[in-house]
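S.K.: I have a structure I would like to understand better, so I am pasting it below and will then ask my questions one at a time.
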Amino acid sequence: EAQVTQNPRYLITVTGKKLTVTCSQNMNHEYMSWYRQDPGLGLRQIYYSMNVEVTDKGDVPEGYKVSRKEKRNFPLILESPSPNQTSLYFCASSFSVGEPLRYFGPGTRLTVT
Amino acid sequence: AQTVTQSQPEMSVQEAETVTLSCTYDTSESDYYLFWYKQPPSRQMILVIRQEAYKQQNATENRFSVNFQKAAKSFSLKISDSQLGDAAMYFCAYRSGTLNQFYFGTGTSLTVIP
Chain A
1 EAQVTQNPRY LITVTGKKLT VTCSQNMNHE YMSWYRQDPG LGLRQIYYSM
51 NVEVTDKGDV PEGYKVSRKE KRNFPLILES PSPNQTSLYF CASSFSVGEP
101 LRYFGPGTRL TVT
Chain B
1001 AQTVTQSQPE MSVQEAETVT LSCTYDTSES DYYLFWYKQP PSRQMILVIR
1051 QEAYKQQNAT ENRFSVNFQK AAKSFSLKIS DSQLGDAAMY FCAYRSGTLN
1101 QFYFGTGTSL TVIP
């Protein structure tokens, strides 16, 4: 089954404790991206990747890092989480940047206390 | 950065009736793509419909259609014969044809009344 998986689905952590949210797709997609969803703000793009070893900043990259060492994986790293990073996070992928974003992960609910 | 505006935080519609969700966007580009996404309570994001800016014809997908007014930078979604399963948050989204970023609106919460 074609899908994008994210782990963990829920995470409660404390300020400053490094964490990684994993994202993996099984469709050989080139384009992958991360979003955060906040009430009243919709979804905002954090980072995106056109292909392996090619990443770029989205609209709200501050406080986040990503890497794309393999085509299927695109982890989101918060090296020193802060309470303002409490949010719902989505990973999404498409075959290429020219294709619409059709595949989203199930979301990761992150709470930073 | 491009902006996408959804001015209706909440909408409601009677089952079997038609509802239109509004979206406007701001861009100086001529090449871009527009989308509507549905997010039901499960939080899963579902692509509903897409529109290429270079196409004059409005996109249609079954009961969903758009009214794309390029000069007015307006992209509304019409849902015909509304069903209970249409109840969800709907997001309008923009993607540049030259850059690789997506911009989403703030969403419209649609309630379907039986």
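So the protein lines, in turn, are chains A and B. Residues in the first sequence are numbered consecutively from 1, following our numbering. Residues in the second sequence are numbered consecutively from 1001, following our numbering. Ideal placement from N, C-alpha and C gives every residue a C-beta, glycine not left out.
Give a yes or no on whether 8 angstroms exceeds the smallest Cβ distance from MET1011 (chain B) to chain A.
M.R.: Taking the second sequence and counting its residues from 1, one reaches residue 1011 (chain B) at position 11. Answer no: the Cβ-Cβ gap between MET1011 (chain B) and chain A never drops below 8 angstroms.
S.K.: Tell me the residue span of the beta strand (DSSP E) that contains ASP38 (chain A).
M.R.: Stepping through the first sequence from its first residue, residue 38 (chain A) is reached at position 38. Unbroken beta strand (DSSP E) run through ASP38 (chain A): 31–38.
S.K.: Compute the Euclidean distance between the alpha carbons of LEU110 (chain A) and TRP34 (chain A), then round it to the nearest angstrom.
M.R.: The residue you call residue 110 (chain A) lines up with position 110 of the first sequence. The residue you call residue 34 (chain A) lines up with position 34 of the first sequence. The straight-line gap from Cα to Cα measures roughly 14 angstroms.
S.K.: Look at the alpha carbon of GLU1052 (chain B) and the alpha carbon of TYR1033 (chain B), and state the distance between them as a whole number of angstroms.
M.R.: Residue 1052 (chain B) sits at position 52 when you count from the first residue of the second sequence. Residue 1033 (chain B) sits at position 33 when you count from the first residue of the second sequence. GLU1052 (chain B) and TYR1033 (chain B): Cα-Cα distance of roughly 5 angstroms.
S.K.: According to DSSP, is ASN1062 (chain B) part of a helix, a strand, or is it coil?
M.R.: To locate residue 1062 (chain B), count along the second sequence from 1; it is residue 62. Secondary structure at ASN1062 (chain B): coil, using DSSP grouped into helix, strand and coil.
S.K.: CA-CA distance, TYR1003 (chain B) and GLY1097 (chain B)?
M.R.: As a working note, residue 1003 (chain B) is residue 3 in the second sequence. As a working note, residue 1097 (chain B) is residue 97 in the second sequence. Checking the sequence shown, residue 1003 (chain B) turns out to be Thr, not Tyr. Going by the C-alpha atoms only, they are around 15 angstroms apart.
S.K.: Specify, as a first and last residue, the run of the beta strand (DSSP E) that LEU1099 (chain B) falls within.
M.R.: Working through the second sequence from its first residue, we reach residue 1099 (chain B) at position 99. Taken as a continuous stretch (DSSP letters only), LEU1099 (chain B) belongs to no beta strand (DSSP E), as it is neither H nor E.
S.K.: Would you call SER87 (chain A) buried or exposed, if buried means 16 or more other Cβ atoms sit within 10 Å of its Cβ?
M.R.: Numbered from 1 along the first sequence, position 87 holds the residue referred to as residue 87 (chain A). With 16 or more Cβ atoms within 10 Å of its Cβ, SER87 (chain A) is classed as buried.
S.K.: To be precise: take each residue of the stretch 1091–1102 of chain B, compare its Cβ to all Cβ atoms of chain C, and keep it if any distance is under 7 angstroms. Which residues remain?
M.R.: Among the protein chains in the structure shown, which are A and B, there is no chain C.
S.K.: Touch check for the stretch 1066–1081 of chain B and the stretch 85–104 of chain A: three-plus C-beta pairs under 8 angstroms?
M.R.: no
S.K.: Take ASN51 (chain A) and list the residues in its own chain whose beta-carbon comes closer than 6 angstroms to its own, dropping the five residues that flank it on each side.
M.R.: On the first sequence, position 51 is the one that residue 51 (chain A) refers to. For ASN51 (chain A), where only same-chain residues beyond five positions count, the Cβ hits under 6 angstroms are GLU30.
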